[in-house]
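Chains as they are written, first to last, in the UniProt record's numbering: chain A, 1 to 470; chain B, 1 to 202. For reference, the structure discussed in these notes is given below.
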């Protein structure tokens with residue numbers, strides 16, 4: 001059992017008590033809600049005649065269903081409009097702060113909370129969305145929940161939970177050129193598997209992690225859930241504090257100094273006990289890309305798609321299913337795979353640094369003939385910042401569409417979808433069958449730089465080779 | 001006071017439905033387009049919508065399994081999106097319990113909160129049960145959460161579940177809401193001791 005880790009300290013600080021079942025009643029410091037997983041929770045609350053216990057500790061935004069082209073109301077999709085109205089009504093009725101479209105602060109829930117300073121070290125954070133693990137980048141214990149649990153948090157600001165085990169994942173050394181946080185997490189999931197993290201919180205550490213920006217750490221923690229870990233975190237440090245300082249909801253004045261002291265005290269002790277420790281060498285990580293139908297089916301861009309003989313027997317059936325679905329052959333090089341659609345955005349890679357990295361590759365190049373490519377900023381603030389830097393012009397000149405903020409084609413609950421068996425190069429987080437809106441659509445996950453590399457060449461291309469050509 | 005009473009769940013018996021395969025994600029269980037709704041109504045009919053459309057003999061399409069109440073799955077079932085719509089779709093289709101090699105964490109938690117037990121068992125036991133159901137879809141499967149055992153025909157094997165969740169079924173507190181709300185005082189005390197709660201208020 002772990003002891004002395006940040007996870008242990010935050011868990012203890014938020015423990016309300018032990019329930020008769022033996023589970024912990026855990027206080028939730030920040031509850032984030034959106035339009036997809038909250039309406040039924042509010043309905044359950046209303047049925048039971050319960051009120052929201054701490055309305056000021058819940059923050060709402062709308063992201064999954066918002067169109068990224070025409071956002072005028074009512075939305076063209078009547079169901080999306082209904083969901084939007086439900087959230088507007090529920091937040092008004094219960095006195096919950098709502099960052100609506102056009103407020104200047106709307107965006108993907110896992111983008112807006114950090115950028116406004118709502119996400120802070122030492123908090124417990126829950127949201128009806130599996131990518132809540134993103135917020136662990138700040139040294140928070142953040143995890144996704146279902147709708148019944150959204151109801152529980154609204155009603156009591158607490159959840160009934162069993163404590164997770166803690167696995168420390170160290171990545172040491174320097175990342176090679178052209179390798180990003182996205183590649184680190186795809187590499188980790190490739191090695192530990194999509195269920196390797198079940199029952200664990202992942203503590204990411206080591207010199208390569210410490211060297212990451214906050215946005216890189218968010219990308220990393222975001223995809224912990226893809227490795228089966230309900231939450232992932234990085235111990236807070238100066239990078240964390242520098243990022244938070246001055247943001248809207250950051251502690252101010254003398255509270256700031258108290259905050260730093262508290263946050264420092266929560267860092268995992270040097271002699272902390274872990275349930276497991278795994279180490280990786282940053283130098284071994286290449287630009288990584290998925291070829292199959294789970295995020296664990298990833299390879300370096302210069303590798304061939306693995307053959308069944310190369311895998312443990314229990315991974316072969318889903319690999320066979322992936323070859324068929326993806327229309328790719330074992331032994332085939334992934335580089336050179338023709339691409340139809342390129343998507344940059346999502347809670348994984350829709351932040352300003354992601355757009356800068358993408359624009360850096362797009363600059364002076366042009367999207368290949370026959371490829372549809374679009375960029376969806378993660379929030380209204382990201383969009384505004386990108387436009388202030390002229391990134392929108394770089395993308396538009398390079399042949400990309402420049403859209404309004406939202407979840408877009410990550411999960412295609414809005415008009416952005418693949419058609420037929422189109423294949424996408426996507427900076428998002430899931431390559432599941434049908435994930436991007438077509439039941440035969442295919443997704444290759446990769447970093448934003450690699451997506452641009454695919455867009456301008458029309459095929460999967462090692463972004464490092466592209467750089468050497470220019 | 002809210003209705004906090006949820007029924008005790010100790011045994012579940014019924015016909016089985018074998019769904020073979022690892023890493024079946026919640027996007028497959030219920031594709032995102034069916035999440036464009038403000039209720040869970042009608043989700044049962046859409047369970048595995050795309051998989052069933054693409055595979056005519058998908059187990060959820062097969063006539064002998066239409067009355068099934070126990071879903072038997074393999075490894076990492078319910079991975080991916082946290083959408084409760086996935087277990088809601090499965091439950092509304094008619095499933096009352098799941099037996100598998102392993103379950104994704106959030107999916108498992110959602111099932112507990114809905115009163116649908118998910119128990120794990122050794123891979124060879126799960127496979128044997130799936131084969132038995134394929135041979136005889138009418139075989140009665142019985143899951144006992146007190147003895148943590150499954151029986152079906154001549155098969156009998158041990159199953160596992162985290163004790164906290166198991167107790168919630170046995171005590172009838174799987175709907176935790178009322179119990180959580182009842183400790184309002186202790187909640188306030190915990191909140192008060194958290195430094196950031198006071199910063200926010202200052």
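All residues carry an ideal CB built from backbone N, CA and C; glycine is no exception. Owing to the predicted nature of the structure, the values given are computational and were not obtained by experimental measurement.
Taking C-alpha atoms, which residue in B:156, B:184, B:175 lies nearest to residue 147 (chain B)? Within the second chain, numbered from 1, the residue matching residue 147 (chain B) stands at position 147. Taking only the C-alpha atoms, the option nearest residue 147 (chain B) is B:156.
Buried or exposed: residue 240 (chain A), going by 16 or more other Cβ atoms within 10 Å of its Cβ? One-based indexing of the first chain puts residue 240 (chain A) at position 240. Burial call: buried.
Backbone CA spacing between residue 396 (chain A) and residue 81 (chain A) [nearest angstrom]: Position 396 of the first chain, counted from the start, is the residue given in the question as residue 396 (chain A). Position 81 of the first chain, counted from the start, is the residue given in the question as residue 81 (chain A). Between residue 396 (chain A) and residue 81 (chain A), the C-alpha separation is close to 29 Å.
Residue 333 (chain A) to residue 195 (chain A) span [Cα, whole Å]: Against the first chain, residue 333 (chain A) aligns to sequence position 333. Against the first chain, residue 195 (chain A) aligns to sequence position 195. Cα to Cα, the separation comes out at about 26 Å.
Give the DSSP bridge partners of residue 338 (chain A), in chain order. Within the first chain, numbered from 1, the residue matching residue 338 (chain A) stands at position 338. DSSP lists A:459 as partners of residue 338 (chain A).
Using only alpha-carbon positions, find the residue among A:456, A:44, A:60 that is nearest to residue 358 (chain A). As a first step, residue 358 (chain A) is located in the first chain; it is residue number 358 there, counting from the start. Closest by alpha carbon: A:456.
Residue closest to residue 64 (chain A), alpha-carbon to alpha-carbon, out of A:111, A:238, A:164: What you label residue 64 (chain A) is simply residue 64 of the first chain in a count that begins at 1. Looking at the Cα atoms, A:111 is the closest of the given residues.
Are residue 87 (chain B) and residue 103 (chain B) closer than 8 Å when you measure CB to CB? On the second chain, residue 87 (chain B) is found 87 positions in, with the first residue counted as 1. On the second chain, residue 103 (chain B) is found 103 positions in, with the first residue counted as 1. Not closer than 8 Å, so no.
Exposure label - residue 5 (chain A); buried when at least 16 CB within 10 Å: Working through the first chain from its first residue, we reach residue 5 (chain A) at position 5. Buried, since its Cβ has 16 or more Cβ neighbours within 10 Å.
When DSSP labels each residue in this structure, what does residue 171 (chain B) get in the three-state scheme? As a first step, residue 171 (chain B) must be located in the second chain, where it is residue number 171. The answer is helix: DSSP assigns residue 171 (chain B) an H, G or I state.
Considering only the alpha carbon of each residue, which of A:224, A:206, A:17 lies closest to residue 188 (chain B)? As a working note, residue 188 (chain B) is residue 188 in the second chain. Ranking A:224, A:206, A:17 by Cα distance to residue 188 (chain B) puts A:17 first.
Which of the three DSSP states, helix, strand or coil, is assigned to residue 291 (chain A)? Start at 1 with the first residue of the first chain, and residue 291 (chain A) comes out as number 291. Residue 291 (chain A) falls in the coil class under three-state DSSP.
Let me know if residue 46 (chain A) comes out buried or exposed under the rule of 16 or more other beta-carbons within 10 Å of its beta-carbon. As a working note, residue 46 (chain A) is residue 46 in the first chain. That one is exposed.
Residue burial classification, residue 12 (chain B) (beta-carbon count within 10 angstroms, cutoff 16): Translated into positions along the second chain, residue 12 (chain B) becomes position 12. Burial call: buried.
What residues of chain B sit near residue 195 (chain A), judged by a beta carbon separation below 9 Å? By 1-based counting over the first chain, the position of residue 195 (chain A) is 195. Per Cβ cutoff of 9 Å: 22, 23, 75, 76, 79, 102, 104.
Starting from the N-terminal side, write out each stretch of the alpha helix (DSSP H) that is 4 residues or longer and does not extend beyond the stretch 126 to 202 of chain B. 163 to 171, 177 to 182, 184 to 193, 195 to 201
Taking Cβ to Cβ, would you say residue 7 (chain B) is nearer than 8 Å to residue 172 (chain B)? Taking the second chain and counting its residues from 1, the one referred to as residue 7 (chain B) is at position 7. Taking the second chain and counting its residues from 1, the one referred to as residue 172 (chain B) is at position 172. It is a contact, given that the beta carbons lie within the stated cut-off.
The beta strand (DSSP E) enclosing residue 347 (chain A), as first and last residue numbers: In the first chain, the residue the question calls residue 347 (chain A) occupies position 347. Note, residue 347 (chain A): premise wrong, no beta strand (DSSP E); alpha helix (DSSP H) at 346 to 349.
Bounding residues of the beta strand (DSSP E) (the contiguous stretch that carries residue 195 (chain A)): On the first chain, residue 195 (chain A) is found 195 positions in, with the first residue counted as 1. Taken as a continuous stretch (DSSP letters only), residue 195 (chain A) belongs to no beta strand (DSSP E), as it is neither H nor E.
When you compare the CB positions of residue 142 (chain B) and residue 25 (chain A), do they come within less than 8 Å of one another, or not? Along the second chain, one-based indexing puts residue 142 (chain B) at 142. Along the first chain, one-based indexing puts residue 25 (chain A) at 25. Contact flag unset, no.
Distance check for residue 41 (chain B) and residue 95 (chain B), CA to CA, integer angstroms please. The sequence position of residue 95 (chain B) within the second chain is 95, counting from 1. The sequence position of residue 41 (chain B) within the second chain is 41, counting from 1. Cα to Cα, residue 95 (chain B) sits roughly 16 Å from residue 41 (chain B).
Please decide whether residue 180 (chain B) counts as near chain A, where near means a Cβ-Cβ distance under 8 Å. By 1-based counting over the second chain, the position of residue 180 (chain B) is 180. True, the Cβ-Cβ gap to chain A drops below 8 Å.
Less than 8 Å separating the beta-carbons of residue 82 (chain B) and residue 145 (chain A)? Residue numbering aside, residue 82 (chain B) sits at position 82 when the second chain is read from its first letter. Residue numbering aside, residue 145 (chain A) sits at position 145 when the first chain is read from its first letter. Cβ atoms of residue 82 (chain B) and residue 145 (chain A): closer than 8 Å.
Just list the residues that DSSP pairs residue 204 (chain A) with in beta bridges. The residue you call residue 204 (chain A) lines up with position 204 of the first chain. Paired residue(s): A:169, A:234.
Please go through the stretch 365 to 449 of chain A and give each complete alpha helix (DSSP H) segment of 4 or more residues, from N-terminal end onward. 380 to 388, 391 to 397
Stretch pair the stretch 151 to 159 of chain A + the stretch 181 to 196 of chain A: three plus CB contacts closer than 8 Å: no
Please determine, among A:386, A:405, A:147, the residue with the shortest C-alpha to C-alpha distance to residue 352 (chain A). The residue you call residue 352 (chain A) lines up with position 352 of the first chain. It is A:386 whose Cα lies nearest to the Cα of residue 352 (chain A).
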